[in-house]
Amino acid sequence: MSPSPSSSAPVDAGEIARRMLSARAEQFTESVIREMTRLAMKHNAVNLSQGFPDFAAPAEIKEAARQAIADDINQYAITWGAKPLRDAVVAKFERTQGVRYDPEREITVCCGSTEAMMAVMMAIINPGDEVVVFEPFYENYGPDAILSGATPRFVKLRTPDWSFDEKELAAAFGPKTKAIILNTPNNPTGKVFTRAELEFIRDLCVRWNVFCVSDEIYEHILYDGAEHVSMAQIEGMRDRTIVINGLSKTYSVTGWRVGWALAPPAATNSIRKVHDFLTVGAAAPLQQAGAIALQFPQAYYDKLAVTYAAKRERLVKILEGAGFTVFKPRGAYYIMTDISAFGYPDDVSFGKYLVEKIGVAVVPGSSFYRIAADGAKQVRFTFCKKEETLAAAAERLAKLRP
Ligand code: GLN
Numbered sequence: 000m001s002p003s004p005s006s007s008a009p010v011d012a013g014e015i016a017r018r019m020l021s022a023r024a025e026q027f028t029e030s031v032i033r034e035m036t037r038l039a040m041k042h043n044a045v046n047l048s049q050g051f052p053d054f055a056a057p058a059e060i061k062e063a064a065r066q067a068i069a070d071d072i073n074q075y076a077i078t079w080g081a082k083p084l085r086d087a088v089v090a091k092f093e094r095t096q097g098v099r100y101d102p103e104r105e106i107t108v109c110c111g112s113t114e115a116m117m118a119v120m121m122a123i124i125n126p127g128d129e130v131v132v133f134e135p136f137y138e139n140y141g142p143d144a145i146l147s148g149a150t151p152r153f154v155k156l157r158t159p160d161w162s163f164d165e166k167e168l169a170a171a172f173g174p175k176t177k178a179i180i181l182n183t184p185n186n187p188t189g190k191v192f193t194r195a196e197l198e199f200i201r202d203l204c205v206r207w208n209v210f211c212v213s214d215e216i217y218e219h220i221l222y223d224g225a226e227h228v229s230m231a232q233i234e235g236m237r238d239r240t241i242v243i244n245g246l247s248k249t250y251s252v253t254g255w256r257v258g259w260a261l262a263p264p265a266a267t268n269s270i271r272k273v274h275d276f277l278t279v280g281a282a283a284p285l286q287q288a289g290a291i292a293l294q295f296p297q298a299y300y301d302k303l304a305v306t307y308a309a310k311r312e313r314l315v316k317i318l319e320g321a322g323f324t325v326f327k328p329r330g331a332y333y334i335m336t337d338i339s340a341f342g343y344p345d346d347v348s349f350g351k352y353l354v355e356k357i358g359v360a361v362v363p364g365s366s367f368y369r370i371a372a373d374g375a376k377q378v379r380f381t382f383c384k385k386e387e388t389l390a391a392a393a394e395r396l397a398k399l400r401p
């Protein structure tokens, strides 16, 4: 006899997962990066996992935000972005990359580059489309592909310099390819793609008539003379590139959630529609403050890079001293390491040991790979932290013996 329905009848969790939830959402797990921050708080560990600064944002940008609220910029901005911010993004991009965009027809401001990426994917992908993704990859790109209906085709970046095999990349493109997702400077590897590499990718994009979705959020965090070249400035790519960027990393305001996508008019039309129905718009006063930050003089960006270069040196030394094999980044603020020396079965058990027993939180390498085994010997550290935080990490990691 089947039980009679009643409001107090227990609902079977398995049944909910099988029949009542989206199959898409069942295909991925929660973000390991964000989970590690929660674990760091739970175990009172030094958090070198999630990439957010633990130091103050520039005084000018904070003052601009306070002023914007006082000036009553407190209602919805235009859905695709407040005009002063759109103008400032376009002017800065032309100044730094030499490529002009139309602020009226070629930019969409979103709630962080995370939303910009998702809106772009939903705007360009049809079921069955493939996207080429370099691996290891920033973990969001996996769920971005699943939620938009794209099938990812992974191409390996190989240690120690994170180079790719041209034949492997060429073989990943085909008639079903819709886009390649590029992230330079790269999270998690710190690779900065060279002009020659971008030109090789360009040739494939042109040959197969596909977009390059170029996540350039770490554009100003560069070391050892590395230069950031936007795919949009590579000849023939202006109208095939969708540039993703935001305030988070350049101005140390990851919690503000202001990002954008630059794209040719037809693509922008589509991105704006998706964005509008996803979120309507990013926080209006913070867009206003962003417009002011984007006008900071070059000295601001030079200082940012110099400050991070010193933090990179500091953490490289700490990690090498503790027995890690370090892949020194040329950009962004992460260090991928090899943990073979410690003899742990995998990155997850080592990460658990680090956060619970040593008191330092990292991101297990497998979060950046489709197949967990490929990242089983790696963990990622971030160094966008105060000297006190790095010093505390050094003290704790000294207890670690390979
Ligand atoms: N980009 C940062 C990282 O990789 C933070 C990502 C996030 O949590 N939104 O750690």
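Residue 299 in numbering that gives the first Met the number 0 sits at position 300 of the sequence shown, and the numbers go up by one each step. Just so it is clear, CB atoms sit at the ideal spot from N, CA and C, and this is done for glycine as well.
Where Asn46 falls: helix, strand or coil (DSSP): Mapped onto the sequence shown, residue 46 falls at position 47. Three-state result, Asn46: strand.
Touch test, the segment 364–379 against the segment 290–299, Cβ-Cβ under 8 Å, three pairs minimum: In short, these stretches do not touch, since the Cβ pair count stays below three.
Beta-bridge pairing of Pro363 - partner residues as DSSP gives them: Looking up residue 363 in the sequence shown gives position 364. Per DSSP, Val378.
Rounded distance between the beta-carbons of Ala266 and Ala122, thought under 8 Å: Numbered from 1 along the sequence shown, position 123 holds the residue referred to as residue 122. Numbered from 1 along the sequence shown, position 267 holds the residue referred to as residue 266. Going by Cβ atoms, the distance from Ala122 to Ala266 rounds to 7 Å, so yes, they are a contact pair.
CA nearest to the CA of Val108, picked from Gly80, Ile145, Ala44: In the sequence shown, residue 108 corresponds to position 109, counting from 1. Val108 has its Cα closest to that of Gly80, out of Gly80, Ile145, Ala44.
For Glu134 and Phe153, believed in contact at Cβ under 8 Å, the rounded distance: In the sequence shown, the residue the question calls residue 153 occupies position 154. In the sequence shown, the residue the question calls residue 134 occupies position 135. Confirmed, Cβ separation roughly 4 Å.
Other residues of its chain near Met0: CB distance less than 6 Å, five sequence neighbours each side excluded: Numbered from its first residue, the sequence shown carries residue 0 at position 1. The pLDDT assigned to Met0 is 46, lower than 50, so where the model puts this residue is not dependable; a value taken from the coordinates is nonetheless given after this. Closer than 6 Å at Cβ, skipping near neighbours: no residue.
Proximity of Ile216 and Asn244 at Cβ, strictly below 8 Å: Stepping through the sequence shown from its first residue, residue 216 is reached at position 217. Stepping through the sequence shown from its first residue, residue 244 is reached at position 245. Taking C-beta atoms as the reference points, Ile216 and Asn244 count as a pair closer than 8 Å.
Cβ shell of Ala169 (< 8 Å), same chain only, five flanking positions each side left out: As a first step, residue 169 is located in the sequence shown; it is residue number 170 there, counting from the start. Residues Leu203 of the same chain have their beta carbon placed closer than 8 Å to that of Ala169, with the five preceding and five following residues left out of the count.
Cβ-heavy atom distance, Tyr137 to the ligand GLN, below 7 Å: For the purposes of this step, residue 137 is taken as the residue at position 138 of the sequence shown. Yes, the ligand GLN has a heavy atom inside 7 Å of this Cβ.
Glu278 Cβ short of 7 Å to the ligand GLN heavy atom set: In the sequence shown, residue 278 corresponds to position 279, counting from 1. Before going on, a small fix: residue 278 reads as Thr here, not Glu. No; taking the cut-off as 7 Å, the Cβ of Thr278 has no heavy atom of the ligand GLN nearer than that.
Where Ser30 sits in the DSSP three-state scheme: The residue you call residue 30 lines up with position 31 of the sequence shown. DSSP places Ser30 in coil when its eight states are reduced to three.
Per-residue DSSP class, three states only, for Phe92: By 1-based counting over the sequence shown, the position of residue 92 is 93. Note: Phe92 maps to helix in three-state DSSP.
Three-way DSSP call (helix, strand, coil) for Ala260 in this model: As a first step, residue 260 must be located in the sequence shown, where it is residue number 261. Assignment of Ala260 by DSSP, reduced to helix, strand and coil, places it in the strand class.
heavy atom of the ligand GLN below 7 Å from Phe92 C-beta: As a first step, residue 92 is located in the sequence shown; it is residue number 93 there, counting from the start. Because no heavy atom of the ligand GLN lies under 7 Å away, the Cβ of Phe92 does not count as near it: no.
Bounding residues of the alpha helix (DSSP H) (the contiguous stretch that carries Asp337): Numbered from 1 along the sequence shown, position 338 holds the residue referred to as residue 337. Premise fails: Asp337 lies in the beta strand (DSSP E), 333–337, not in any alpha helix (DSSP H).
Candidates Ala149, Lys248, Lys351: closest to Asp53 by CA position: Reading the sequence shown from its first residue, position 54 is the one you call residue 53. Nearest to Asp53 by C-alpha distance, out of Ala149, Lys248, Lys351, is Lys248.
Length-filtered (3 minimum) beta strand (DSSP E) runs lying within the segment 160–202: The segment 160–202 is shown to contain whole beta strand (DSSP E) runs of 3 or more residues at 176–182, in chain order.
Close-in-space but distant-in-sequence residues of the same chain around Leu285 (CB under 7 Å, 5 per side omitted): In the sequence shown, residue 285 corresponds to position 286, counting from 1. Within the same chain, Leu285 has close Cβ partners Ala64, Trp255, Val257.
Beta-bridge pairing of Arg157 - partner residues as DSSP gives them: The sequence position of residue 157 within the sequence shown is 158, counting from 1. Paired residues: Ser162.
Outcome for Leu399 when other beta-carbon atoms lying within 10 angstroms are tallied against a minimum of 16: In the sequence shown, counting from the first residue as 1, residue 399 sits at position 400. Buried, because 16 or more other Cβ atoms sit within 10 Å of the Cβ of Leu399.
The ligand SAM heavy atom lying under 7 Å from the CB of Ile179: Ligands present in the displayed structure are limited to the ligand GLN, and the ligand SAM is not among them.
Closer than 7 Å: Asn186 CB and nearest the ligand GLN heavy atom: Residue numbering aside, residue 186 sits at position 187 when the sequence shown is read from its first letter. Yes, the ligand GLN has a heavy atom inside 7 Å of this Cβ.
For Gly245, the three-state DSSP class (helix, strand or coil): Indexing the sequence shown from 1 puts residue 245 at position 246. Gly245: strand per DSSP, three-state reduction.
The segment 214–230 contacting the segment 320–340, beta-carbon criterion three pairs below 8 Å: As far as the Cβ criterion goes, the segment 214–230 touches the segment 320–340, which means the pair count is three or higher.
Heavy atom of the ligand GLN within 7 Å of Arg33 beta-carbon: On the sequence shown, residue 33 is found 34 positions in, with the first residue counted as 1. Answer for Arg33: yes, Cβ within range of the ligand GLN.
Distance CB(Ser251)-CB(Ser229) smaller than 8 Å: Taking the sequence shown and counting its residues from 1, one reaches residue 251 at position 252. Taking the sequence shown and counting its residues from 1, one reaches residue 229 at position 230. In this structure, Ser229 does not lie closer than 8 Å to Ser251 by Cβ.
Beta-carbon proximity list for His274, same chain, < 6 Å, skipping 5 on both sides: Locating residue 274 in the sequence shown gives position 275, counting from the first residue. The answer, listed in chain order, is Thr107, Cys109, Ala118.
Ser269, DSSP secondary structure in three states: Sequence index remark: in the sequence shown, residue 269 carries index 270 (1-based). Here Ser269 carries a helix assignment [DSSP, helix/strand/coil].
Close Cβ partners of Val89 (< 7 Å) along its chain, the five nearest in sequence each way excluded: As a first step, residue 89 is located in the sequence shown; it is residue number 90 there, counting from the start. Here the set comprises Tyr100, Pro102, Ile106.
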